[in-house]
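My numbering puts the first residue of the sequence shown at 2, with every later residue one more than the last. For every residue, glycine included, the Cβ atom is placed at its ideal position computed from N, Cα and C.
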Amino acid sequence: MGISKITRNWQVTLPKDVREIKDLKENDSVIFAIEGNRVEIVKMNKDIIKATAGLWTDSKEIGIKYERKIRKGWSKRLKREFV
2 MGISKITRNW QVTLPKDVRE IKDLKENDSV IFAIEGNRVE IVKMNKDIIK
52 ATAGLWTDSK EIGIKYERKI RKGWSKRLKR EFV
């Protein structure tokens, strides 16, 4: 267990044993998982970004036409429910 201070820029240097246990390297991204009053540092898998890239590519409707269709639908719902 290591001890670290928070700088005036809210930065913390992770102690060497923490970096080694979590296998953290320079430029790695981490997630701060909060449970109650505990914070866990979780190394973010770079493959998550690659895996989710293009997630919506199977959508056939894109662009301004799709946006207008959605807005028109909401407009109809608002009129129906509030008028």
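Are the CB atoms of residue i and residue j nearer to each other than 8 Å?
{"i": "Val19", "j": "Gly3", "result": "yes"}
{"i": "Ala34", "j": "Glu27", "result": "no"}
Closest to residue i by C-alpha separation, out of the options, would be which residue?
{"i": "Lys47", "options": "Ile32, Arg39 and Ile63", "result": "Ile32"}
{"i": "Lys17", "options": "Leu25, Gly37 and Thr8", "result": "Leu25"}
Quick one: what's got a C-beta closer than 6 Å to residue i's C-beta in the same chain, skipping five residues either side?
{"i": "Ser30", "result": "Met45"}
{"i": "Lys6", "result": "none"}
Does residue i come out as helix, strand or coil in the three-state DSSP assignment?
{"i": "Ile35", "result": "strand"}
{"i": "Lys6", "result": "coil"}
{"i": "Ile42", "result": "strand"}
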